[in-house]
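A.B. asks: Residue numbers (my numbering): 59 to 543.
Don't be surprised by glycine CBs; every beta carbon is placed ideally from N, CA and C.
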């Protein structure tokens, strides 16, 4: 039944997506210059230029080269054969060797990776032509002028389906990234379906409320208060679990609020944001309601993994990460989006959700080749050629195929197709917040770090005071960035 239900779901999804994207995608006969249509024997209408970079390495710096290289047995991604064909064609056309390298000594998302790129670029020692980063890193890299704005090349080289991603790589008036990764929402609430059924609730109860349009903050609040009367805090049982700041990232956007947008407007003191945070603070103050002991390095409360907590926020990749949801001791993991806040239900605010707290991943381009003389651009790397080559390495599958693959992937880890349907219903509600884009101030364990300030505002129930302080801290950080910190 599970497979049959998914098959029906995917068929319906295919028809919806096909109708939505009709007219956007062109066949290879209509536009043979699309990256997905190019092969080593394809000619283009571009003025013929003989490129010869003398066998130079074209370096793409990523988390794990084996996962990114389409010729690796460990490649993780879609369209491996097509990517291999693109790479062969590109290497022959430009006389280059495409090389995937890891960041050394493997700096992770955020501050360490930002500093790695900045320190090498500003000293004239670029370590790569292309860097893999989360979009939240774009502001600090752009304001330090170590990555090149590439929006001026989009019309000439970008695939038409990149329109979906453009808003996520924009900072102020420029665009900095390019990739073929659709910005799908990953963030939501995971719940213990087995525990809810033991407590007497119907299967998929929260998910069904969402699918019926009834999963609002008011409904959620009443539900967790009801659960609190049924669960035993002395046994480690709670309705809610996980980091307070993770709950904030989801709840604020679900109420139409934001933290920092791509124009560097600050929203931590907006009506929508304050309302969401104060509602969370009220729940946290309720005895027995919420267990939040997990370290900032992780996201999943231990007692959630042990089957004693109903809700825990997370991202879809957490479902197979053994240190997070992948380490759960119960069988059926449900998914439901964050409940719609009052400003969305009763006002004019827009419901949104995150791809990830760090933003979706993308690729940005070194700023070290912006002054290559025009007459040498066929043999010496320039920003334009670096970007052009990268676009020809990418491969865009259809939106339809991507969404179907996502549905199949989710079903591997979700309890059933109802949770898949709920996730797919918000897949296009993705929003990119730049709250994590301020270097070392954004994330850490100290009281001055932004994530800790958000968490403390909820736990200490002093939201307005903390947000006033946080707003000023962010303004100070923006001023420092403007000075080229």
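Roughly how many whole angstroms lie between the Cα atoms of residue 413 and residue 493?
C.D. replies: Going by the C-alpha atoms only, they are around 13 angstroms apart.
A.B. asks: Checking 8 angstroms against the spacing of the C-beta atoms, do residue 464 and residue 242 come in under that value?
C.D. replies: In contact: residue 464 and residue 242 (Cβ atoms closer than 8 angstroms).
A.B. asks: Can you find the residues in the same chain that come closer than 8 angstroms, C-beta to C-beta, to residue 108, ignoring five residues on each side of it along the sequence?
C.D. replies: Around residue 108: 436.
A.B. asks: On the three-state DSSP scale, how would you describe residue 286?
C.D. replies: DSSP places residue 286 in helix when its eight states are reduced to three.
A.B. asks: Among 440, 380, 495, 528, which one has its Cα closest to the Cα of residue 359?
C.D. replies: Taking only the C-alpha atoms, the option nearest residue 359 is 380.
A.B. asks: At the level of alpha carbons, what is the spacing between residue 275 and residue 337?
C.D. replies: Near 9 angstroms, if we compare the C-alpha coordinates of residue 337 and residue 275.
A.B. asks: Less than 8 angstroms separating the beta-carbons of residue 394 and residue 480?
C.D. replies: Yes. Within cutoff.
A.B. asks: What span of residues does the alpha helix (DSSP H) with residue 308 cover, start to end?
C.D. replies: Here the alpha helix (DSSP H) through residue 308 covers 302-312.
A.B. asks: Given that a residue counts as buried once 16 or more other Cβ atoms are within 10 Å of its Cβ, and exposed if not, what is residue 291?
C.D. replies: With fewer than 16 Cβ atoms within 10 Å of its Cβ, residue 291 is classed as exposed.
A.B. asks: Exposed or buried, which one is residue 334 when buried takes at least 16 other CB atoms within 10 Å?
C.D. replies: Answer is buried; the Cβ neighbour count reaches 16.
A.B. asks: Going by Cα to Cα distance, which pick from 373, 364, 172 is closest to residue 485?
C.D. replies: Per the Cα distances, 373.
A.B. asks: According to DSSP, is residue 271 part of a helix, a strand, or is it coil?
C.D. replies: Residue state, collapsed to three classes: coil.
A.B. asks: For the stretch 322-366, list the alpha helix (DSSP H) runs that are entirely contained and at least 4 residues long, ordered along the chain.
C.D. replies: Segments of the alpha helix (DSSP H) lying fully in the stretch 322-366: 329-342, 360-363.
A.B. asks: Comparing C-alpha positions only, which one of 217, 418, 409, 321 sits nearest to residue 194?
C.D. replies: Ranking the options by Cα distance to residue 194, first place goes to 418.
A.B. asks: Check whether the stretch 446-459 touches the stretch 213-230, counting contact only when three or more Cβ pairs, one atom from each stretch, lie closer than 8 angstroms.
C.D. replies: Output reads yes: the stretch 213-230 touches the stretch 446-459.
A.B. asks: Measuring only the C-alpha atoms, how far is residue 504 from residue 532?
C.D. replies: In a straight line, the C-alpha of residue 504 is about 16 angstroms away from that of residue 532.
A.B. asks: Taking the straight line between their C-alpha atoms, what separation do you get for residue 279 and residue 165?
C.D. replies: When rounded, the distance between both Cα atoms is 40 angstroms.
A.B. asks: Using a 10 Å radius around the Cβ and a threshold of 16 neighbouring Cβ atoms, would you call residue 366 buried or exposed?
C.D. replies: Buried, because 16 or more other Cβ atoms sit within 10 Å of the Cβ of residue 366.
A.B. asks: Considering residue 445, what are the terminal residues of the beta strand (DSSP E) in which it resides?
C.D. replies: First-last for residue 445: 441-451, but that is the alpha helix (DSSP H), not the beta strand (DSSP E).
A.B. asks: State yes or no: is the C-beta of residue 448 within less than 8 angstroms of the C-beta of residue 439?
C.D. replies: Contact: no.
A.B. asks: Return the first residue and the last residue of the beta strand (DSSP E) that residue 119 is part of.
C.D. replies: Note, residue 119: beta strand (DSSP E), 114-120.
A.B. asks: For a test of the three-state rule: what should DSSP assign to residue 298, helix, strand or coil?
C.D. replies: DSSP places residue 298 in strand when its eight states are reduced to three.
A.B. asks: Where does residue 208 fall in DSSP's three states?
C.D. replies: Coil.
A.B. asks: Check residue 190 in the structure and name its three-state DSSP category.
C.D. replies: Residue state, collapsed to three classes: strand.
A.B. asks: If you run the structure through DSSP and keep just helix, strand and coil, what is residue 434?
C.D. replies: Note: residue 434 maps to helix in three-state DSSP.
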